[in-house]
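A.B. asks: Below you will find the structure I want to go over with you.
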Ligand code: GDP
């Protein structure tokens with residue numbers, strides 16, 4: 001990738017207090033060094049020095065092992081030779097291929113999880129471009145190399161395994177299935193090794209099935225013994241649509257390291273997201289253009305994200321009522337004629353200085369909020385109608401809206417949405433979240449009240465995917 005000339009005059013704010021390396025050119029990816037200015041004065045979470053040191057080391061590893069290097073070519077040869085023990089470790093480069101899927105929010109949380117696992121286990125991270133174009137959405141996160149998994153035809157060492165998207169719980173290369181078939185095993189005292197001193201051939205890669213429906217043996221990923229075993233594998237393929245970071249925090253062998261990297265563990269995604277994800281220039285121009293036209297002049301920005309999990313995006317009045325009840329009750333939005341109130345949640349920003357950003361697949365919610373709160377200050381960047389798969393321009397709009405939401409001072413979300421989690425995590429915002437009750441009743445019922453989320457950290461999308469197995473179960 002073209003890195004351009006490194007800018008010399010970057011400020012600590014632009015470099016996010018050292019989270020970002022100054023090694024990139026600023027033109028090739030404007031969002032990288034500009035995003036901070038949209039969070040000016042409200043950035044609460046500073047990265048630890050330990051995290052910064054880990055990131056610099058990881059960047060060196062990505063550069064040393066990335067596509068096009070001799071270690072990468074050697075590792076590809078090893079993968080083709082189908083014997084993971086042959087020559088393993090000679091180049092000291094091991095790889096984690098992230099296979100993410102579903103909507104963009106899911107994919108970003110999955111990629112962030114793979115990144116953290118790669119850093120913790122000193123592997124180069126490569127992302128599979130399954131049915132969507134990572135390169136059309138995000139800039140390269142690591143200087144002097146690429147994180148895109150080369151396609152099979154690539155001359156510098158194309159990736160030989162095909163159809164990565166179709167790996168599943170039935171794949172014989174999965175950790176769970178290889179443990180069941182005794183291709184891999186952990187000794188009686190928890191000792192595990194990848195070497196072939198016992199004469200057994202080790203596979204060159206292990207597929208980690210970490211999506212919903214993972215079974216007992218797949219979940220052994222969350223055990224220290226199995227992490228030790230996996231350390232020897234030259235290649236790991238990790239497939240998930242979920243946020244696995246809370247699960248990594250449960251592993252005793254990672255805990256000390258993670259505590260030093262993220263003293264405030266509730267801000268892990270905030271730092272990872274700011275490090276890894278940088279929208280490409282034209283997505284970034286859409287973000288900054290919209291922000292400049294609609295949000296910049298406001299004293300306070302309120303983001304409302306409405307995500308309804310239905311295939312047909314028919315407007316649901318009870319969802320709207322719930323959102324309106326939340327903003328009224330918590331006095332988040334002022335009606336044009338009102339000014340201030342005694343509630344502690346209330347901002348003293350007058351109504352005409354509040355800008356409201358509504359994001360949703362449907363325009364109906366936006367129109368109702370606009371009708372109630374006054375037209376000029378309520379905005380919706382797009383209403384796509386429905387979620388679309390494999391559509392890069394659709395994904396680009398979604399990405400720009402996540403970034404716009406993250407610039408807000410207050411966030412109200414309908415919950416359970418990874419789209420919303422990414423926005424809250426990037427923004428470092430504790431959102432107001434709607435209760436997870438399907439049949440809504442009038443707000444007499446206290447259970448219907450929206451609540452502030454306890455952190456800006458995303459929830460794991462599937463709690464089962466991060467629950468460690470009980471070792472006594474078998
Ligand atoms: P989740 O399904 O809510 O967890 O979030 P995902 O991001 O994984 O998948 C939802 C997808 O639907 C997004 O990635 C977008 O493609 C689309 N989508 C949902 N809500 C919105 C929205 O408010 N604006 C835009 N532009 N797209 C949306």
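Residue numbers (this note's numbering): 1 to 474.
All C-beta atoms, glycine included, are put in the ideal place defined by N, C-alpha and C.
For clarity, every value in this text was computed on a predicted model and none was experimentally measured.
1. Going by the CB atoms, is the gap between residue 158 and residue 418 shorter than 7 Å?
2. Just the Cα atoms here: how many angstroms apart are residue 293 and residue 235?
3. Of the choices 115, 460, 422, whose alpha-carbon is the least far from that of residue 62?
4. Pull up the distance between the alpha-carbon of residue 32 and that of residue 25, whole angstroms please.
5. Return the Cβ separation of residue 29 and residue 280 in integer angstroms, given the expectation that the two are a contact with Cβ distance under 8 Å.
6. Can you tell me whether residue 406 is buried or exposed, with buried defined as 16 or more other CB within 10 angstroms of its CB?
7. At a cut-off of 6 Å, is residue 387 close to ligand 1 when judged by its beta-carbon and the heavy atoms of the ligand?
8. Between residue 205 and the rest of its own chain, which residues show a CB-CB distance below 8 Å, the 5 nearest in sequence each way excluded?
9. Would you please verify whether the beta carbon of residue 396 is less than 7 Å from any beta carbon of chain B?
10. Quick one: Cα of residue 327 to Cα of residue 152, how far?
11. Roughly how many whole angstroms lie between the Cα atoms of residue 285 and residue 360?
12. Please state the DSSP three-state secondary structure of residue 143.
13. With DSSP collapsed to three states, give me the class of residue 252.
14. In the DSSP output, which residue or residues are listed as bridge partners for residue 379?
15. Name, in chain order, the residues that DSSP records as bridge partners for residue 432.
16. As a quick exercise: from 47, 412, 37, pick the residue whose alpha carbon is nearest that of residue 270.
17. For ligand 1, is there a heavy atom less than 6 Å away from the beta-carbon of residue 165?
18. Residues in the same chain with beta-carbon distance under 8 Å from residue 12, minus the five sequence neighbours each way, listed in chain order, please.
19. What does the alpha-carbon distance come out to for the pair residue 243 and residue 396?
20. Roughly how many angstroms separate the alpha carbons of residue 374 and residue 354, rounded to a whole number?
21. Are there any heavy atoms of ligand 1 lying less than 6 Å away from the beta-carbon of residue 210, as far as the coordinates show?
22. State yes or no: is the C-beta of residue 384 nearer than 6 Å to some heavy atom of ligand 1?
23. By Cβ distance, which residues of its chain are closer than 8 Å to residue 344, with the 5 residues on each side in sequence left out?
24. Should residue 123 and residue 94 be called a contact, given that it needs their Cβ atoms to be closer than 7 Å?
25. Compute the Euclidean distance between the alpha carbons of residue 88 and residue 187, then round it to the nearest angstrom.
26. Is residue 4 helix, strand or coil when you go by DSSP?
27. How about residue 359: is its Cβ closer than 6 Å to a heavy atom in ligand 1?
28. Please classify residue 305: does DSSP put it in a helix, a strand, or coil?
29. Please find out if some non-hydrogen atom of ligand 1 comes closer than 6 Å to the beta-carbon of residue 486.
30. Quick one, which of 178, 330, 377, 387 has its alpha-carbon nearest residue 450's?
31. Rounded to whole angstroms, what's the CA-CA distance from residue 357 to residue 218? Just pull it up for me.
32. Going by DSSP, what residue range makes up the beta strand (DSSP E) through residue 209?
33. With the cut-off set at 7 Å, would you say residue 208 and residue 175 are in Cβ contact?
34. For the alpha helix (DSSP H) containing residue 239, name the first residue and the last one.
35. DSSP three-state label for residue 71, please.
36. Assign residue 348 to one of two classes, buried (16 or more other C-beta atoms within 10 Å of its C-beta) or exposed (fewer than that).
C.D. replies: In terms of the structure at hand:
1. As a working note, residue 418 is residue 418 in the chain shown. As a working note, residue 158 is residue 158 in the chain shown. It is not a contact, given that the beta carbons lie outside the stated cut-off.
2. The residue labelled residue 293 in the question sits at position 293 within the chain shown. The residue labelled residue 235 in the question sits at position 235 within the chain shown. Across the structure, residue 293 and residue 235 are spaced so that their CA atoms are roughly 47 Å apart.
3. Looking up residue 62 in the chain shown gives position 62. For the set 115, 460, 422, the Cα lying nearest the Cα of residue 62 is the one of 115.
4. Counting from one through the chain shown, the residue named residue 32 turns up at place 32. Counting from one through the chain shown, the residue named residue 25 turns up at place 25. Taking the straight line from one Cα to the other gives about 10 Å.
5. Here the question's residue 29 lines up with position 29 in the chain shown. Here the question's residue 280 lines up with position 280 in the chain shown. Contact check for residue 29 and residue 280: beta-carbon distance about 7 Å, within the 8 Å limit, so the pair qualifies.
6. Here the question's residue 406 lines up with position 406 in the chain shown. So residue 406 ends up on the buried side.
7. Numbered from its first residue, the chain shown carries residue 387 at position 387. Yes, the beta carbon of residue 387 sits closer than 6 Å to at least one heavy atom of ligand 1.
8. By one-based count along the chain shown, residue 205 stands at place 205. For residue 205, same chain residues with a beta-carbon under 8 Å away, outside a window of 5 residues either side, are 79, 84, 161, 173, 233, 234, 235, 236, 237 in chain order.
9. In the structure shown, chain B does not exist; there is a single protein chain.
10. Here residue 327 is taken as the residue at index 327 of the chain shown, counted from 1. Here residue 152 is taken as the residue at index 152 of the chain shown, counted from 1. Spanning the two alpha carbons is a distance of roughly 51 Å.
11. Here residue 285 corresponds to residue number 285 of the chain shown, with the count starting at 1. Here residue 360 corresponds to residue number 360 of the chain shown, with the count starting at 1. Cα to Cα, residue 285 sits roughly 21 Å from residue 360.
12. Numbered from 1 along the chain shown, position 143 holds the residue referred to as residue 143. Note: residue 143 maps to coil in three-state DSSP.
13. Taking the chain shown and counting its residues from 1, the one referred to as residue 252 is at position 252. Residue 252: helix per DSSP, three-state reduction.
14. Locating residue 379 in the chain shown gives position 379, counting from the first residue. Answer is 357.
15. Residue numbering aside, residue 432 sits at position 432 when the chain shown is read from its first letter. In the DSSP assignment, residue 432 forms a beta bridge with 412, 452.
16. One-based indexing of the chain shown puts residue 270 at position 270. Nearest C-alpha to residue 270: 47.
17. By 1-based counting over the chain shown, the position of residue 165 is 165. Between ligand 1 and residue 165, a heavy atom-to-CB distance of less than 6 Å is absent.
18. Residue 12 sits at position 12 when you count from the first residue of the chain shown. Within the same chain, residue 12 has close Cβ partners 18.
19. Your numbering for residue 243 matches position 243 in the chain shown. Your numbering for residue 396 matches position 396 in the chain shown. Cα to Cα, the separation comes out at about 21 Å.
20. Position 374 of the chain shown, counted from the first residue, corresponds to residue 374. Position 354 of the chain shown, counted from the first residue, corresponds to residue 354. About 11 Å.
21. Stepping through the chain shown from its first residue, residue 210 is reached at position 210. Flag unset: Cβ of residue 210 not near ligand 1.
22. The residue you call residue 384 lines up with position 384 of the chain shown. Yes, ligand 1 has a heavy atom inside 6 Å of this Cβ.
23. To locate residue 344, count along the chain shown from 1; it is residue 344. Annotation note: pLDDT 45 at residue 344 (below 50); position unreliable, coordinate value reported separately. If we look at residue 344 and ignore the five residues flanking it on each side, it has no Cβ neighbours.
24. Taking the first residue of the chain shown as position 1, residue 123 is located at position 123. Taking the first residue of the chain shown as position 1, residue 94 is located at position 94. Result yes, Cβ atoms of residue 123 and residue 94 sit closer than 7 Å.
25. Start at 1 with the first residue of the chain shown, and residue 88 comes out as number 88. Start at 1 with the first residue of the chain shown, and residue 187 comes out as number 187. Reliability fails at residue 88, whose pLDDT of 48 lies under 50, so the model's placement of it is uncertain and no value is given.
26. Taking the chain shown and counting its residues from 1, one reaches residue 4 at position 4. Low confidence applies to residue 4: its pLDDT is 47, below 50, so where it sits in the model is not reliable, and the reading given next is rough at best. Residue 4 carries a coil assignment under DSSP once its states are collapsed to helix, strand and coil.
27. Along the chain shown, one-based indexing puts residue 359 at 359. It does: the Cβ of residue 359 is within 6 Å (strictly closer) of some heavy atom of ligand 1.
28. Here residue 305 is taken as the residue at index 305 of the chain shown, counted from 1. DSSP places residue 305 in strand when its eight states are reduced to three.
29. The first residue shown for the chain is 1 and the last is 474, placing residue 486 beyond what the model contains.
30. Translated into the one-based positions of the chain shown, residue 450 becomes position 450. Of 178, 330, 377, 387, the residue nearest in Cα terms is 330.
31. Looking up residue 357 in the chain shown gives position 357. Looking up residue 218 in the chain shown gives position 218. So the alpha carbons of these two residues sit roughly 41 Å apart.
32. To locate residue 209, count along the chain shown from 1; it is residue 209. Start and end: 205 to 209.
33. As a first step, residue 208 is located in the chain shown; it is residue number 208 there, counting from the start. As a first step, residue 175 is located in the chain shown; it is residue number 175 there, counting from the start. For the pair residue 208 and residue 175, the CB atoms are nearer than the 7 Å cut-off.
34. Walking along the chain shown from the start, residue 239 turns up at place 239. That residue, residue 239, is in no alpha helix (DSSP H); its beta strand (DSSP E) goes 235 to 240.
35. The residue you call residue 71 lines up with position 71 of the chain shown. The answer is helix: DSSP assigns residue 71 an H, G or I state.
36. As a first step, residue 348 is located in the chain shown; it is residue number 348 there, counting from the start. The residue is exposed, with fewer than 16 neighbouring Cβ atoms inside 10 Å.
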